[in-house]
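Enquirer: Structure in structure tokens, see below.
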Amino acid sequence: MRQDTRMKPELGESQAAETAPRRERAPAEAISLRAVGHSFGDLQTLAGIDLEVAPHGVVGLVGPSGCGKSTLLELVCGLAEPSAGAVAVGGDSAAEGRLARCALMPQRDLLLPWYSAIDNAALALRNQGMPRNQARAAAAALFERFGLAGFEPARPSELSGGMRQRVAFLRTLIAGKPVLALDEPFAALDAITRAEMQEWLAAALRSDPRTVVLVTHDVEEALYLCDRVVVLSARPARVVAELAAPAPRAENRDEAVTDPEFVAAREEALRALHAGSRGS
Amino acid sequence: MHDMGAKGTTRLRRWLLPVLLLAGLIGAWQIASSTGAIADALSLEDFLVPSPAEIASSLWENRILLAENAWVTLREILLGILCALVAGVGFAILMHRWRVLRDAAYPLIVASQTIPIVVIAPILVVWFGYGIGPKIVIVALICFFPITVNALDGLRSVDPEAVKMMRSLGASRWQRFWRVEAPAALPSLFTGMKIAVVVAPIAAVFAEWAGSSSGLGHLIQSDTANFEVARQFATVVVLSALALALIGLTALAERRVVRWR
Numbered sequence: 001m002r003q004d005t006r007m008k009p010e011l012g013e014s015q016a017a018e019t020a021p022r023r024e025r026a027p028a029e030a031i032s033l034r035a036v037g038h039s040f041g042d043l044q045t046l047a048g049i050d051l052e053v054a055p056h057g058v059v060g061l062v063g064p065s066g067c068g069k070s071t072l073l074e075l076v077c078g079l080a081e082p083s084a085g086a087v088a089v090g091g092d093s094a095a096e097g098r099l100a101r102c103a104l105m106p107q108r109d110l111l112l113p114w115y116s117a118i119d120n121a122a123l124a125l126r127n128q129g130m131p132r133n134q135a136r137a138a139a140a141a142l143f144e145r146f147g148l149a150g151f152e153p154a155r156p157s158e159l160s161g162g163m164r165q166r167v168a169f170l171r172t173l174i175a176g177k178p179v180l181a182l183d184e185p186f187a188a189l190d191a192i193t194r195a196e197m198q199e200w201l202a203a204a205l206r207s208d209p210r211t212v213v214l215v216t217h218d219v220e221e222a223l224y225l226c227d228r229v230v231v232l233s234a235r236p237a238r239v240v241a242e243l244a245a246p247a248p249r250a251e252n253r254d255e256a257v258t259d260p261e262f263v264a265a266r267e268e269a270l271r272a273l274h275a276g277s278r279g280s
Numbered sequence: 001m002h003d004m005g006a007k008g009t010t011r012l013r014r015w016l017l018p019v020l021l022l023a024g025l026i027g028a029w030q031i032a033s034s035t036g037a038i039a040d041a042l043s044l045e046d047f048l049v050p051s052p053a054e055i056a057s058s059l060w061e062n063r064i065l066l067a068e069n070a071w072v073t074l075r076e077i078l079l080g081i082l083c084a085l086v087a088g089v090g091f092a093i094l095m096h097r098w099r100v101l102r103d104a105a106y107p108l109i110v111a112s113q114t115i116p117i118v119v120i121a122p123i124l125v126v127w128f129g130y131g132i133g134p135k136i137v138i139v140a141l142i143c144f145f146p147i148t149v150n151a152l153d154g155l156r157s158v159d160p161e162a163v164k165m166m167r168s169l170g171a172s173r174w175q176r177f178w179r180v181e182a183p184a185a186l187p188s189l190f191t192g193m194k195i196a197v198v199v200a201p202i203a204a205v206f207a208e209w210a211g212s213s214s215g216l217g218h219l220i221q222s223d224t225a226n227f228e229v230a231r232q233f234a235t236v237v238v239l240s241a242l243a244l245a246l247i248g249l250t251a252l253a254e255r256r257v258v259r260w261r
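Each protein sequence line maps, in turn, to chains A and B. Under the working numbering, the residues of the first sequence are numbered 1 to 280, in order. Under the working numbering, the residues of the second sequence are numbered 1 to 261, in order.
Right, dumping it as structure tokens:
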């Protein structure tokens, strides 16, 4: 099934053209972390993390700053190796396999200033060997759908913070990988833009579901966007609490986040976060 | 519109003020030299202190001679810079790619700067003869350092997060180089190029002094022996104009290539 839909880098251009329209339906794959530990030299960042994400599940990771959340994403994406335990994506624990199945959206948007917005969004397609015009056409369809129409030729420096994040997210989405690893995607935005972007991302995931690991320090954001929120402790990070979100990616965000059940979940998460960051 | 007007004024100021200062200096020189004030102060014969007007007429009278020799020197400069660019960028890429090579070679490259390269020019003349060869080698040796060091700096300044992002988007090493590392290193490479084009004419002149039969440096040298002071100054003017043109072209190329800055 995966072979049908996933773009392989070695595919020729003509085959790429056939695969392109189907790219939007990425296969559903699960993530599994078993007793994962990680250290930089003597500094232990992760200690015995167990985490299961179901296919098309959306899991949020919240924790104090510097607790190793970004490292966890790099482990999932195959950009780093655990020093203990095992990380598997779609049952494959080899780094190459994880790299092929995951797309990372880093903390800063990291749009390349020498490319236009559309060329930044289409980077993954170009990397797969697709000719420029074809890659642009594929990305343009998503620009249209996600409120970026007209900004295709803009330089990243000409875009607002919210638009830059949208382009960065589309760049990640267009890669067509089954797993998205989002590292504090909206941390740099003001509160109003962030709320808009959360609704926008919720809509994007409703129409194009993927397996998602979302790192954030915003408990509300995690509870609104994710099915499940995992609270991590201060370094070395371990799981201190797991909560189910009451109404993941509800269409009306304002209603969802003021619902008593949501408020109760948020308070519970915050309590766990405080307890964890004190390093009990 | 307002903005454009203000920009136009500052641009005019930027050009106008140095030009006015230069005109003032040349004027003062003209007066001081035509009245014989400089020659008297230095107790020299008048013909050894040419006035700007005499230099200008020498420039005109010797235009063909100057143009022929300028072409010789320009060729040495351009070929030397080209060699330095190819070797410098290539070496910077290799040092960036292989950490061991960088650790081994970088200190040597820096230390090699203590060698007064112009002093080894005569040795190169002994080895390679009076032709264009040793001149290209000298210019290339002088330009290699700023180009290599700045290209390597540029490559090292690449955001490692951007490289990770590209890996995650399925980029091969080659694609990461061409789409992230090379463009990110370009502004720094141009900084090195701008230094190179400033020092290249000086290197070419020194190389010609070590032994040559043509070129602007050779012309200056033979005019020294014959007390052709006005023509010497005229040659210096041509050499400066050559260097300025090269700097201008490099800046223009940078603006054309590095459009995102």
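Every residue, glycine too, gets a C-beta built ideally from N, C-alpha and C.
Going along the chain, which unbroken runs of the beta strand (DSSP E) with 3 or more residues stay wholly within the region 20 to 67 of chain A?
Expert: Those beta strand (DSSP E) runs which fall completely within the region 20 to 67 of chain A and span 3+ residues are 31 to 40, 43 to 53 and 58 to 62.
Enquirer: Based on DSSP bridge pairs, tell me the residues matched to aspartate 92 of chain A.
Expert: According to DSSP, which records beta bridges pairwise, aspartate 92 of chain A is partnered with A/Val89.
Enquirer: Counting only beta-carbon atoms, is serine 214 of chain B nearer than 8 Å to chain A?
Expert: With 8 Å as the cut-off, serine 214 of chain B does not count as an interface residue toward chain A.
Enquirer: Specify the secondary structure class of cysteine 143 of chain B as computed by DSSP and reduced to three states.
Expert: The answer is helix: DSSP assigns cysteine 143 of chain B an H, G or I state.
Enquirer: Here's the rule I'm using: 16 or more other beta-carbon atoms within 10 Å means buried, otherwise exposed. How should glutamate 18 of chain A be labelled?
Expert: The predicted model places glutamate 18 of chain A with a pLDDT of 38, which falls under 50 and marks its position as unreliable; any figure quoted below should be read in that light. Its Cβ having fewer than 16 others within 10 Å, glutamate 18 of chain A is exposed.
Enquirer: Let me confirm a value: valine 219 of chain A is counted as buried when at least 16 other C-beta atoms fall within 10 Å, else exposed. Which label applies?
Expert: Valine 219 of chain A comes out buried.
Enquirer: Once DSSP output is grouped into helix, strand and coil, what is the label at leucine 216 of chain B?
Expert: In this structure, leucine 216 of chain B counts as helix in the three-state DSSP scheme.
Enquirer: List, in order along the chain, the chain A residues whose C-beta lies closer than 9 Å to that of proline 183 of chain B?
Expert: The answer, in chain order, is Leu112, Pro113, Trp114 and Tyr115.
Enquirer: Quick one: using the 10 Å Cβ neighbour count with 16 as the cut-off for buried, is arginine 179 of chain B buried or exposed?
Expert: Arginine 179 of chain B comes out buried.
Enquirer: Write down the C-beta distance between valine 213 of chain A and leucine 73 of chain A rounded to the nearest angstrom, noting that I regard them as a contact closer than 8 Å.
Expert: Contact holds; Cβ gap of about 6 Å.
Enquirer: Between glycine 276 of chain A and alanine 245 of chain A, how many whole angstroms is the CB-CB distance? I'm expecting something under 8 Å.
Expert: 18 Å between Cβ atoms; not a contact.
Enquirer: Go ahead and pull the three-state DSSP assignment for cysteine 102 of chain A.
Expert: Correct three-state label for cysteine 102 of chain A: strand.
Enquirer: Is it the case that the Cβ atoms of phenylalanine 151 of chain A and leucine 159 of chain A are separated by a distance below 8 Å?
Expert: Yes, they are a contact pair.
Enquirer: How about alanine 188 of chain A: is its C-beta nearer than 8 Å to some C-beta of chain C?
Expert: The question asks about chain C, but that chain is absent: this structure's protein chains are A and B.
Enquirer: Please confirm if methionine 165 of chain B has its CB atom under 8 Å from at least one CB of chain A.
Expert: So, interface residue.
Enquirer: What does aspartate 103 of chain B reach in chain A if we use C-beta pairs closer than 8 Å?
Expert: Under the 8 Å cutoff, chain A gives no residues; its nearest Cβ is about 20 Å from aspartate 103 of chain B.
Enquirer: Taking the Cβ atom as the reference point for each residue, do leucine 223 of chain A and alanine 202 of chain A lie within a distance shorter than 8 Å?
Expert: No. Outside cutoff.
Enquirer: Under 8 Å, Cβ to Cβ, is there at least one residue of chain B near glycine 276 of chain A?
Expert: Chain B contact via Cβ: absent.
Enquirer: Under a CB-based cut-off of 8 Å, is glycine 170 of chain B close to chain A?
Expert: Yes, its Cβ sits closer than 8 Å to a Cβ of chain A.
Enquirer: Could you check whether the Cβ of glutamate 161 of chain B sits closer than 8 Å to any Cβ belonging to chain A?
Expert: Yes - at least one Cβ of chain A is within 8 Å of the one on glutamate 161 of chain B.
Enquirer: Enumerate, from N- to C-terminal direction, the unbroken alpha helix (DSSP H) stretches of 4 or more residues contained entirely within the region 143 to 231 of chain B.
Expert: For the region 143 to 231 of chain B, whole alpha helix (DSSP H) runs of length 4 or above, ordered along the chain, are 160 to 168, 173 to 176, 182 to 209 and 216 to 225.
Enquirer: Leaving aside the five residues before and after alanine 95 of chain A along the sequence, list all residues of the same chain whose C-beta is less than 7 Å from its C-beta, in chain order.
Expert: Excluding positions up to five away in sequence, the list reads Gly78 and Glu81.
Enquirer: Quick one: which residues of the region 153 to 166 of chain A get their C-beta closer than 9 Å to a C-beta of chain B? List them in chain order.
Expert: Correct list: Arg155, Pro156 and Ser157.
Enquirer: Contact between the region 189 to 196 of chain B and the region 136 to 149 of chain B: three or more CB pairs below 8 Å?
Expert: At 8 Å Cβ cutoff, the stretches touch.
Enquirer: DSSP on arginine 228 of chain A, reduced to helix/strand/coil?
Expert: Here arginine 228 of chain A sits in strand by DSSP.
Enquirer: Could you pull the start and end residues of the beta strand (DSSP E) that alanine 241 of chain A belongs to?
Expert: 239 to 244 is the span of the beta strand (DSSP E), which, as asked, contains alanine 241 of chain A.
Enquirer: If I measure Cβ to Cβ from glutamate 29 of chain A and keep anything under 7 Å in the same chain, skipping five residues before and after, which residues do I get?
Expert: Excluding sequence neighbours, glutamate 29 of chain A sits near Pro55, Val89, Gly90, Arg101, Pro178, Val179 and Thr211.
Enquirer: For phenylalanine 190 of chain B, which residues in the same chain have their Cβ closer than 6 Å to its Cβ, ignoring the five residues on either side in sequence?
Expert: Hits under 6 Å: Glu254.
Enquirer: Report the option in B/Ile120, B/Val119, B/Met95 and B/Val118 whose CA atom is closest to the CA atom of leucine 108 of chain B.
Expert: Minimum Cα distance to leucine 108 of chain B is reached at B/Met95.
Enquirer: Rounding to the nearest angstrom, what Cα-Cα distance links cysteine 83 of chain B and isoleucine 132 of chain B in this structure?
Expert: Whole-angstrom Cα-Cα distance: 13 Å.
Enquirer: For the region 6 to 32 of chain B, list every residue whose C-beta sits within 7 Å of some C-beta in chain A, in sequence order.
Expert: Cβ contacts with chain A: none found.
Enquirer: For tryptophan 260 of chain B, which residues in chain A fall below 9 Å Cβ to Cβ?
Expert: Neighbours of tryptophan 260 of chain B on chain A, chain order: Leu112, Pro113, Trp114, Tyr115, Arg155, Pro156 and Ser157.
Enquirer: Assuming contact is defined by CB atoms lying nearer than 8 Å, are proline 50 of chain B and phenylalanine 227 of chain B in contact in what I supplied?
Expert: Taking 8 Å as the Cβ cut-off, proline 50 of chain B and phenylalanine 227 of chain B do not qualify as a contacting pair.
Enquirer: Name, please, each residue of chain A whose Cβ falls closer than 7 Å to the Cβ of valine 180 of chain B.
Expert: Going along chain A in sequence order, the residues near valine 180 of chain B (Cβ under 7 Å) are Leu112.
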